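Worksheet for the structure shown next.
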Amino acid sequence: MKSHIFALFTDFILLYDKTMEFRRIEMETLPLRSIPKRNRIWPYVLIVLFIIVTGILLYIYYPYASTKKNMYFTGKYPILIKGAIQGNAIHNENSLYIPLKLVEKQIDDSIYEESKSLIITTKLKVIRIPFNENVLYVNEKPKQTNNPIVKIVSGQKYISLEILQALYPIEYQLTKHTGIVWIRMNGEQYHNGKIVSHDVRKAFLRLRTKPNLQSSYNVEVKKGEAVHIERELKNYYYIRTLEGIGGYIKKAYVMKQKLENVQIAFPKEAVTLPAIEKPIQMSWEAVYKKTPDPSQFPTMAGVNVVSPTWFHLKDDNGNITNLLSSKYVKWAKQQHMQVWALFSNSSNPDLTKAALSTFEKRNRIIQTLLKVAKKEHLEGINIDIENVRSKDGPLVTQFVREISAYFHANHKYVSMDITFIAKGNWSEFYERKKLGKIVDYLIIMAYDEHWATSAEAGSVASLPWVENGLKPILKLVPNDKIILGVPFYTRLWKEEWKDGQKQTSSIALTMDQANKWIKKKKATIQMDTESGQHYTEYIDSKTNTTYKMWMEDTYSLAKRADIAGQYKLSGIASWARAFGNEDAWVALRSTLSAYNQK
Numbered sequence: 001m002k003s004h005i006f007a008l009f010t011d012f013i014l015l016y017d018k019t020m021e022f023r024r025i026e027m028e029t030l031p032l033r034s035i036p037k038r039n040r041i042w043p044y045v046l047i048v049l050f051i052i053v054t055g056i057l058l059y060i061y062y063p064y065a066s067t068k069k070n071m072y073f074t075g076k077y078p079i080l081i082k083g084a085i086q087g088n089a090i091h092n093e094n095s096l097y098i099p100l101k102l103v104e105k106q107i108d109d110s111i112y113e114e115s116k117s118l119i120i121t122t123k124l125k126v127i128r129i130p131f132n133e134n135v136l137y138v139n140e141k142p143k144q145t146n147n148p149i150v151k152i153v154s155g156q157k158y159i160s161l162e163i164l165q166a167l168y169p170i171e172y173q174l175t176k177h178t179g180i181v182w183i184r185m186n187g188e189q190y191h192n193g194k195i196v197s198h199d200v201r202k203a204f205l206r207l208r209t210k211p212n213l214q215s216s217y218n219v220e221v222k223k224g225e226a227v228h229i230e231r232e233l234k235n236y237y238y239i240r241t242l243e244g245i246g247g248y249i250k251k252a253y254v255m256k257q258k259l260e261n262v263q264i265a266f267p268k269e270a271v272t273l274p275a276i277e278k279p280i281q282m283s284w285e286a287v288y289k290k291t292p293d294p295s296q297f298p299t300m301a302g303v304n305v306v307s308p309t310w311f312h313l314k315d316d317n318g319n320i321t322n323l324l325s326s327k328y329v330k331w332a333k334q335q336h337m338q339v340w341a342l343f344s345n346s347s348n349p350d351l352t353k354a355a356l357s358t359f360e361k362r363n364r365i366i367q368t369l370l371k372v373a374k375k376e377h378l379e380g381i382n383i384d385i386e387n388v389r390s391k392d393g394p395l396v397t398q399f400v401r402e403i404s405a406y407f408h409a410n411h412k413y414v415s416m417d418i419t420f421i422a423k424g425n426w427s428e429f430y431e432r433k434k435l436g437k438i439v440d441y442l443i444i445m446a447y448d449e450h451w452a453t454s455a456e457a458g459s460v461a462s463l464p465w466v467e468n469g470l471k472p473i474l475k476l477v478p479n480d481k482i483i484l485g486v487p488f489y490t491r492l493w494k495e496e497w498k499d500g501q502k503q504t505s506s507i508a509l510t511m512d513q514a515n516k517w518i519k520k521k522k523a524t525i526q527m528d529t530e531s532g533q534h535y536t537e538y539i540d541s542k543t544n545t546t547y548k549m550w551m552e553d554t555y556s557l558a559k560r561a562d563i564a565g566q567y568k569l570s571g572i573a574s575w576a577r578a579f580g581n582e583d584a585w586v587a588l589r590s591t592l593s594a595y596n597q598k
């Protein structure tokens with residue numbers, strides 16, 4: 001390249017000499033005034049042209065590469081994770097510790113901090129780690145350690161890399177010369193590479209901060225050096241030396257080799273649960289004071305899970321009201337039904353925040369429920385937490401993490417009731433994506449489109465409303481983790497005029513009560529295309545009152561089961577057993593069974 005530039009420069013000098021010789025002779029033979037002015041500027045034009053051409057050629061054949069060396073890291077024990085230097089570790093008592101905030105950001109965002117301890121949950125374990133103590137608790141069983149697992153240094157929390165290796169599929173090395181703490185995650189990929197130098201100049205063998213030679217560099221590599229290729233950008237690779245320092249280099253200087261997958265041997269926790277036939281057909285048993293006598297129940301065709309509402313949060317210390325009936329449990333098992341008993345927060349936002357605010361209180365709730373579940377051989381728990389402030393949503397999620405670990409460790413199902421996505425205390429606090437990864441099933445309470453106190457009459461759950469509400473949740477939670485809740489009740493709406501103003505009120509009716517009312521009033525049933533349901537309307541001419549009802553019947557229930565089948569959900573759950581009739585369960589079973597056979 002240099003020879004080309006030198007030859008060009010030589011040719012230009014010869015041309016310039018000849019031009020100047022010609023100009024000298026011309027000036028000697030002609031009077032000064034006879035020399036045209038335009039001819040006097042030619043030498044300067046050639047000089048400027050030479051400078052431009054030379055500059056272009058130098059840029060092409062010998063770029064002005066930066067010689068500025070960049071500080072790739074500062075301080076001791078820099079941490080390399082996910083292709084970037086992120087903070088520094090500390091070395092204390094022969095152990096390496098990394099910042100807890102980094103772990104929460106890059107390894108596990110479910111790590112939960114309380115005032116005096118750290119809580120890590122796995123599928124089967126709740127691990128509580130007190131700060132600055134040589135002990136940890138696994139499902140509340142203490143295990144002594146040689147050094148503290150979590151240390152607080154200058155107000156910042158650090159956690160031992162040794163314990164992280166035991167809990168997560170990661171590995172790390174401390175590089176020999178740079179002292180980088182290089183953390184690798186299971187599943188990371190890179191290509192092996194080798195430096196192949198076609199040029200002796202150092203500028204081309206320096207790893208740059210950006211994909212060009214004009215940027216500063218981090219380190220200089222040598223011919224034959226082994227590297228990792230992490231990514232590529234046009235004519236450049238981003239590579240990393242075995243000492244952990246990375247940067248850009250032109251592809252021509254790297255030989256791309258085998259693709260490597262980081263595979264870390266790590267024991268997987270397996271959750272084993274009682275077998276259950278799909279699709280799941282669950283029905284809630286509403287228990288207010290005393291469990292009804294199951295011998296009086298009608299045939300519940302297809303139902304394989306029952307969820308009696310037995311457990312309710314009693315106070316802010318985590319104590320529970322228990323309405324369990326052993327007779328009911330015995331009956332359910334005789335019917336080959338699993339019992340997923342319901343635990344409710346009593347729909348009290350203040351009580352919920354207080355009772356879930358500390359590990360001790362949450363654990364009191366969990367251990368009480370678990371003790372009863374084990375004693376009565378319940379197959380699972382159904383968590384019904386409603387009416388919580390959005391800022392307290394993380395408290396609910398943490399409670400669900402902890403109770404799921406304990407119940408799964410004891411081979412019991414965990415399901416949780418949620419609403420469609422909406423504003424307010426009844427919806428915003430649900431961290432649906434996170435919850436979907438924790439529990440076995442999320443049960444969508446797909447009803448109360450129009451509440452009892454709504455200003456306008458309307459369906460409890462119109463079919464388009466249900467389908468439109470389901471779709472956004474399916475973007476957050478896998479369909480096989482969702483059970484669709486269906487109503488066995490309707491609302492009879494009453495519209496009357498008083499003082500020139502329409503007043504709307506309603507009462508809830510069971511399916512049988514709705515049918516009796518229609519027969520009594522001899523009301524006409526018609527199809528409402530907007531809701532996808534049967535609809536009836538009756539006008540009392542004496543009182544100038546209009547009654548409206550969107551019916552829940554075998555038609556609407558079959559359509560709801562259709563939605564569950566079309567979206568390949570895991571089943572349906574009906575609220576509540578006492579509101580339905582034998583025809584309702586037959587309609588659900590028939591539709592679900594048809595989809596199950598496809």
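In this text, residue positions in the sequence shown follow full-length UniProt numbering: the first is 1, and each later residue adds one.
Every residue, glycine too, gets a C-beta built ideally from N, C-alpha and C.
These numbers come from a predicted model, not from an experiment.
Whole-angstrom distance between residue j and residue i, CA atom to CA atom
i, j, result
"residue 556", "residue 393", "33 Å"
"residue 304", "residue 289", "24 Å"
"residue 528", "residue 534", "6 Å"
"residue 265", "residue 585", "48 Å"
"residue 166", "residue 150", "14 Å"
"residue 375", "residue 435", "27 Å"
"residue 583", "residue 514", "14 Å"
"residue 408", "residue 273", "8 Å"
"residue 578", "residue 445", "17 Å"
"residue 126", "residue 405", "6 Å"
"residue 499", "residue 548", "21 Å"
"residue 336", "residue 148", "50 Å"
"residue 35", "residue 212", "The predicted position of residue 35 is uncertain, since its pLDDT is 49 and thus under 50; a value taken from the coordinates is nonetheless stated next. Each residue's alpha carbon lies about 50 Å from the other."
"residue 652", "residue 507", "Missing from the structure shown is residue 652; the chain here goes from 1 to 598 and no further."
"residue 155", "residue 119", "19 Å"
"residue 262", "residue 185", "7 Å"
"residue 298", "residue 580", "10 Å"
"residue 300", "residue 591", "15 Å"
Contact with chain D by residue i, beta-carbon distance below 7 Å
i, result
"residue 320", "Looking for chain D here will not work: only one protein chain is present."
Residue span of the beta strand (DSSP E) that contains residue i, given as start and end
i, result
"residue 340", "338-344"
"residue 540", "533-540"
"residue 201", "Looking at the DSSP string, residue 201 is not in any beta strand (DSSP E), and its letter there is neither H nor E."
"residue 88", "84-88"
"residue 608", "The structure shown does not extend to residue 608, since the chain spans only 1 to 598, so no value can be given for it."
"residue 525", "525-528"
"residue 183", "181-185"
Coarse secondary structure for residue i, derived from DSSP in three states
i, result
"residue 133", "coil"
"residue 468", "helix"
"residue 363", "helix"
"residue 566", "helix"
"residue 168", "coil"
"residue 398", "helix"
"residue 94", "coil"
"residue 408", "helix"
"residue 281", "strand"
"residue 144", "strand"
"residue 48", "helix"
Local Cβ density within 10 Å of residue i, reported as buried at 16 or more and exposed below that
i, result
"residue 565", "buried"
"residue 281", "buried"
"residue 551", "buried"
"residue 541", "exposed"
"residue 400", "buried"
"residue 309", "buried"
"residue 422", "exposed"
"residue 447", "buried"
"residue 32", "Caution is warranted here: a pLDDT of 45 is assigned to residue 32, below 50, making its placement in the model unreliable, and no coordinate value can be reported."
"residue 302", "buried"
Range of the contiguous alpha helix (DSSP H) that encloses residue i
i, result
"residue 511", "511-521"
"residue 390", "No alpha helix (DSSP H) contains residue 390, which DSSP labels as neither H nor E."
"residue 328", "326-334"
"residue 582", "582-596"
"residue 258", "Segment 254-261 is the beta strand (DSSP E) holding residue 258; no alpha helix (DSSP H) there."
"residue 436", "432-438"
Presumed contact (8 Å Cβ cut-off) between residue i and residue j, rounded CB distance
i, j, result
"residue 193", "residue 227", "5 Å"
"residue 650", "residue 207", "The structure shown does not extend to residue 650, since the chain is modelled only from 1 to 598, so the question has no answer here."
"residue 384", "residue 350", "Their Cβ separation, rounded to whole angstroms, is 17 Å, which puts residue 384 and residue 350 out of contact at 8 Å."
"residue 313", "residue 341", "Actually they are not in contact, since the Cβ atoms of residue 313 and residue 341 sit about 14 Å apart, beyond 8 Å."
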